[in-house]
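> If you read the protein sequences in the order shown, they are chains A and B.
Residues in the first sequence are numbered from 1 upward in steps of one, following our numbering.
Residues in the second sequence are numbered from 325 upward in steps of one, following our numbering.
All residues carry an ideal CB built from backbone N, CA and C; glycine is no exception.
Here the structure is a predicted model, which means the values were calculated and not measured.
Could you have a look at this structure, given as structure tokens, before my questions?
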Amino acid sequence: MKTPLRAGLLAIAAAALVAGCSSSSSSSPPAASSGPPSSPPSSAAAASFPATVTTSTGTVTIKAKPARIVSLSPTATEDLYAVGAGGQVVAVDSDSDYPATAPVTKLSGLTPNVEAIAKYKPDLVIASANTNGLVSGLTKLGVPVMIEEAAANLSDAYQQIEQIGVATGHGAAGQATVTSMKNQIASDVQQAGSGHKALTYYWELSANPYYSAASSTFIGQIVGLFGLKNIADAADKASDGGYPELSEEYIVSAKPQIIFLADNEAADGGQSPSIVAKRPGWSGIPAVKDDEIVALNDDIASRWGPRLPTLVQEIAQAVEKAAS
Amino acid sequence: MRHKTSAYGIAAAFLVVAMLVSALVGAADLNPWATVTALLHLPSSLDSLDRAVLFQIRLPRIVLGALVGGLLAVAGAGYQGVFRNPLVDSGMLGASAGAGLGATIAIVYLGGIGPSAVPIAAFIGSLAGVCVAYVAGAAGGTGIATLLLAGVAVNLFLTAVQTYFQQRSASDVQQVYVWLLGSLSGATWQQVLEILPYSAVSVAVVLLHGRHLDVLSVGDEEARSLGIRPDRTRLIVVAACALAAASAVAVSGLIGFVGIVVPHIVRRLAGTSYRHVLPLSLIGGAGFLVLADTLARTILSPAELPIGVVTALIGSPVFVWILRTTRSVRT
């Protein structure tokens with residue numbers, strides 16, 4: 001979703017693409033998250049322009065509080081509304097389906113068209129990848145562009161929300177959103193427990209073939225909060241970017257105790273717990289026997305926005321049930 | 325005749341060895357000896373989960389791979405005979421592009437119907453692609469070159485439409501790419517049973533026309549003088565090859581190179597007569613794809629490689645080697 005797509009893509013590269021929901025390798029080094037110049041104390045952050053934010057792809061200066069924001073990233077759209085900048089948003093891309101009030105247009109975040117974006121006369125554009133000459137094109141028009149790439153870890157995701165808050169004149173709300181997310185996640189983790197080292201899980205991104213997410217990925221780190229063991233780690237190679245294609249017989253013989261389906265909604269493959277349970281040879285898997293197949297909200301599970309606590313909660317409930 | 329017999333022997337041995345090796349290796353690391361005894365229905369140390377892995381996951385995948393490989397190779401050889409052109413393969417005449425378009429539409433618009441929508445749409449799309457190309461080519465006048473060119477044009481057109489649809493949503497793009505790469509992952513006995521009838525009919529029809537293709541290879545005029553109607557033969561063989569390729573594509577996505585490489589290897593072994601090229605391609609293609617899939621699922625075990633990577637990795641160098649060494653061999 002957030003990785004740039006290239007025509008003629010090598011087959012192996014597609015493995016990383018499939019996983020697509022987050023590309024861990026291309027994101028910022030952890031060092032960048034420690035001290036962005038964009039995080040002034042909350043009281044001063046309220047409306048300090050010009051504002052400068054440093055994303056993983058560069059530093060962007062926003063001269064005045066933006067009033068016409070275009071978002072080309074579903075995650076950025078959710079971030080904008082969460083920090084209270086929704087009223088400043090004039091257009092979002094066709095994949096931005098949350099919140100329902102966001103002004104969805106035909107704009108593509110995948111293959112952005114600078115002219116089509118310019119038609120909305122934006123004073124700030126936020127995207128998750130710099131494809132089709134997005135940054136250079138909009139820079140020529142004098143429009144600042146923030147590239148908020150797929151988060152590599154939770155602190156990246158938090159940082160992006162804070163940055164979007166600062167860039168839109170809602171710095172304090174951005175920090176409050178992050179604090180609230182951290183609290184919710186911490187409380188869910190505390191309740192379900194963080195030391196489930198004996199529990200194994202399989203995270204399904206797609207069936208036929210079976211793409212999964214290893215512990216090194218954004219999503220893997222979130223499940224890792226509970227201490228669970230990921231069966232995909234045995235197959236994790238640098239070339240997969242953390243998203244290996246697993247052999248079906250390995251999945252079965254690894255006997256995962258929980259199966260998370262991130263491909264259960266119609267648009268993502270239409271797999272469901274009952275379909276998984278009926279797969280030939282899968283009936284002996286503990287997760288199938290014990291009815292521990294969790295159909296996740298695919299959108300939340302593939303984004304790194306303000307609804308992450310909901311995802312953590314879904315995982316926490318499954319962990320509690322499996323551990324009991 | 326003697327070296328024909330040995331060619332059949334080599335092809336059959338290749339298939340049997342490929343299937344045996346494939347049955348014994350895999351990410352589940354089943355004990356090979358226990359696997360053999362389980363396969364022979366003797367007492368075995370495999371527990372019920374291991375048995376499920378062997379009989380419900382590994383074996384159907386091997387059989388499906390053999391079926392798909394055989395179908396693709398036979399379809400490729402048949403098309404090469406019809407078009408008297410060595411570069412033609414099973415994806416010609418809009419077959420691959422039509423299947424891709426069908427699958428893409430199913431992924432983008434019919435995802436809610438369930439996982440079976442994609443194979444059916446790919447099957448229909450593949451056949452429809454060939455129909456459109458055939459009608460377009462036949463309307464253009466005479467000659468196989470026209471038909472072939474019409475096929476290229478239809479392929480490009482359908483690919484463009486497919487690309488248009490796939491770019492509509494980010495999560496769809498991922499699914500479409502995965503499908504386009506081809507895979508035998510998730511093979512089931514049900515899939516084998518579903519494509520078996522189409523496979524049997526199409527393969528039987530193509531094999532029965534080996535002699536006709538031999539006659540056609542000397543020219544339409546000569547064929548007519550021998551009582552064969554070239555246009556009718558071409559239509560029948562194209563239809564049968566289209567059905568074979570569509571059946572394969574429906575369960576495996578787009579797998580390239582089998583339809584072009586295998587028939588050429590067969591010609592090296594057994595000469596250019598289609599009476600032998602077709603059945604030998606069937607057996608050789610089956611063995612080739614089983615072998616390729618075995619590599620695809622074991623090289624990075626427990627991760628897998630897309631099978632298209634393996635077939636192209638083996639297929640491309642082999643193809644170059646063929647080009648460099650077989651200038652004299654006619655198709």
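Roughly how many angstroms lie between the CA atoms of B:L578 and B:V340, to the nearest whole one?
Indexing the second sequence from 1 puts residue 578 of chain B at position 254. Indexing the second sequence from 1 puts residue 340 of chain B at position 16. Their Cα atoms are separated by approximately 25 Å.
> Relative to chain A, which residues along the region 594-627 of chain B have a C-beta separation below 7 Å, given in chain order?
Going along the region 594-627 of chain B in chain order, one finds R621, L624, S625, P626, A627 with a Cβ nearer than 7 Å to chain A.
> Mind pulling the chain A residues with CB within less than 9 Å of B:W513?
By one-based count along the second sequence, residue 513 of chain B stands at place 189. By Cβ distance, chain A contributes P280.
> At which residues does the alpha helix (DSSP H) containing B:M416 begin and terminate?
Walking along the second sequence from the start, residue 416 of chain B turns up at place 92. First-last for B:M416: undefined, no H or E at that position.
> Going along the chain, which unbroken runs of the beta strand (DSSP E) with 3 or more residues stay wholly within the region 218-299 of chain A?
Whole beta strand (DSSP E) segments, 3+ residues: 258-261, 293-295.
> Closer than 7 Å, CB to CB, is A:S71 near chain B or not?
Taking the first residue of the first sequence as 1, we reach residue 71 of chain A at position 71. Closer than 7 Å: no.
> Taking 6 Å as the limit between beta carbons, can you name the residues of its chain near A:P122, skipping five residues before and five after?
Reading the first sequence from its first residue, position 122 is the one you call residue 122 of chain A. The answer, listed in chain order, is R68, V70, V143.
> Taking the beta strand (DSSP E) that A:G133 belongs to, which residues open and close that run?
To locate residue 133 of chain A, count along the first sequence from 1; it is residue 133. It is not in any beta strand (DSSP E) - A:G133 carries neither H nor E in the DSSP assignment.
> I need the straight-line Cα distance from A:A186 to B:G510, nearest angstrom please.
For the purposes of this step, residue 186 of chain A is identified with residue 186 of the first sequence, where counting begins at 1. For the purposes of this step, residue 510 of chain B is identified with residue 186 of the second sequence, where counting begins at 1. If you take the alpha carbons of A:A186 and B:G510, they lie about 38 Å apart.
> Is B:A421 closer than 7 Å to B:C565 when the C-beta atoms are compared?
By one-based count along the second sequence, residue 565 of chain B stands at place 241. By one-based count along the second sequence, residue 421 of chain B stands at place 97. It is not a contact, given that the beta carbons lie outside the stated cut-off.
> Expressed to the nearest angstrom, what Euclidean distance is found between the alpha-carbon atoms of B:L366 and B:G424?
One-based indexing of the second sequence puts residue 366 of chain B at position 42. One-based indexing of the second sequence puts residue 424 of chain B at position 100. Looking at the two C-alpha atoms, the distance is approximately 44 Å.
> Does the beta carbon of A:N208 sit closer than 7 Å to a beta carbon anywhere in chain B?
The residue given as residue 208 of chain A occupies position 208 in the first sequence. By this cut-off, A:N208 is an interface position.
> Go through its chain and collect everything with a Cβ distance to A:K106's Cβ below 7 Å, but skip five positions before and after it.
Here residue 106 of chain A corresponds to residue number 106 of the first sequence, with the count starting at 1. The answer, listed in chain order, is S94.
> Rounded to a whole number of angstroms, what is the C-alpha to C-alpha distance between B:R621 and B:D374?
As a working mapping, residue 621 of chain B is identified with position 297 in the second sequence. As a working mapping, residue 374 of chain B is identified with position 50 in the second sequence. Computed Cα separation, rounded: 17 Å.
> Out of curiosity, what's the CA-to-CA distance linking A:R303 and B:L613?
If you number the first sequence from 1, residue 303 of chain A lands on position 303. If you number the second sequence from 1, residue 613 of chain B lands on position 289. Near 38 Å, if we compare the C-alpha coordinates of B:L613 and A:R303.
> Quick check on this structure: which residue in B:Q490, B:L619, B:L504, B:Q486 has the alpha carbon closest to the alpha carbon of B:V575?
Residue numbering aside, residue 575 of chain B sits at position 251 when the second sequence is read from its first letter. Residue B:L504 is the option with its Cα nearest to B:V575.
> Listing by chain order, which chain A residues have their CB less than 9 Å from the CB of B:L373?
Mapped onto the second sequence, residue 373 of chain B falls at position 49. Simply V252, S253, K255, G281, G284, I285.
> Applying the criterion that 16 or more other CB atoms from any shown protein chain within 10 Å of the CB defines a buried residue, is B:H716 buried or exposed?
The first residue shown for chain B is 325 and the last is 655, placing residue 716 of chain B beyond what the model contains.
> For B:T329, which of helix, strand or coil comes out of DSSP?
Working through the second sequence from its first residue, we reach residue 329 of chain B at position 5. The answer is helix: DSSP assigns B:T329 an H, G or I state.
> Could you pull the DSSP bridge partners for A:E204 from this structure?
On the first sequence, residue 204 of chain A is found 204 positions in, with the first residue counted as 1. DSSP, once it has assigned bridges, lists A:S212, A:L261 as partnering A:E204.
> Would B:L550 and B:G389 be called neighbours here (beta carbons separated by less than 7 Å)?
Walking along the second sequence from the start, residue 550 of chain B turns up at place 226. Walking along the second sequence from the start, residue 389 of chain B turns up at place 65. No, Cβ-Cβ distance for B:L550 and B:G389 is not below 7 Å.
> Quick one, which of A:D298, A:P244, A:V178 has its alpha-carbon nearest A:G84's?
Counting from one through the first sequence, the residue named residue 84 of chain A turns up at place 84. Measuring from the Cα of A:G84, the nearest candidate turns out to be A:V178.
> Below 7 Å between beta carbons: does that hold for B:V406 and B:R558?
The sequence position of residue 406 of chain B within the second sequence is 82, counting from 1. The sequence position of residue 558 of chain B within the second sequence is 234, counting from 1. A contact, by the Cβ cut-off of 7 Å.
> Measuring alpha carbon to alpha carbon, tell me which residue in B:L517, B:P554, B:V432 is nearest B:I468.
Here the question's residue 468 of chain B lines up with position 144 in the second sequence. Taking only the C-alpha atoms, the option nearest B:I468 is B:P554.
> In chain B, what lies closer than 9 Å to A:K328 by C-beta?
The first residue shown for chain A is 1 and the last is 324, placing residue 328 of chain A beyond what the model contains.
> By the 10 Å Cβ neighbour count, where 16 or more other Cβ atoms means buried, how is A:Y158 classified, buried or exposed?
Stepping through the first sequence from its first residue, residue 158 of chain A is reached at position 158. With 16 or more other Cβ atoms within 10 Å, it is buried.
> Please confirm whether A:P112 has its beta-carbon closer than 7 Å to some beta-carbon of chain B.
What you label residue 112 of chain A is simply residue 112 of the first sequence in a count that begins at 1. Answer no: the Cβ-Cβ gap between A:P112 and chain B never drops below 7 Å.
> Mapping the DSSP letters down to three states, classify B:V412 as helix, strand or coil.
As a first step, residue 412 of chain B must be located in the second sequence, where it is residue number 88. It is coil, neither helix nor strand.
> How far does the alpha helix (DSSP H) with B:T618 in it reach, from first residue to last?
Looking up residue 618 of chain B in the second sequence gives position 294. Start and end: 598-622.
> Taking the straight line between their C-alpha atoms, what separation do you get for A:A173 and A:P50?
Within the first sequence, numbered from 1, the residue matching residue 173 of chain A stands at position 173. Within the first sequence, numbered from 1, the residue matching residue 50 of chain A stands at position 50. Each residue's alpha carbon lies about 18 Å from the other.
> Tell me which residue opens and which closes the alpha helix (DSSP H) that B:L559 is part of.
On the second sequence, residue 559 of chain B is found 235 positions in, with the first residue counted as 1. Residues 554-576.
> Under a CB-based cut-off of 7 Å, is B:V542 close to chain A?
Walking along the second sequence from the start, residue 542 of chain B turns up at place 218. Chain A contact via Cβ: absent.
> Using a Cβ-Cβ cutoff of 7 Å, what residues of the region 219-247 of chain A are near chain B? List them in chain order.
Cβ contacts with chain B come from A234, A235, K237, D240, P244, E245, L246, S247.
> In the DSSP assignment, find the unbroken alpha helix (DSSP H) run with A:A172 in it and report its ends.
Position 172 of the first sequence, counted from the first residue, corresponds to residue 172 of chain A. Start and end: 171-192.
> Just checking, does the region 306-319 of chain A make contact with the region 208-218 of chain A on the three C-beta pairs under 8 Å criterion?
Judged by Cβ distances under 8 Å, the region 306-319 of chain A makes no contact with the region 208-218 of chain A, as fewer than three pairs qualify.
> Alpha carbon to alpha carbon, how far is A:A201 from B:Y598?
Indexing the first sequence from 1 puts residue 201 of chain A at position 201. Indexing the second sequence from 1 puts residue 598 of chain B at position 274. Per the sequence shown, the amino acid found at residue 201 of chain A is Tyr instead of Ala. If I take the Cα positions, the gap works out to 52 Å.
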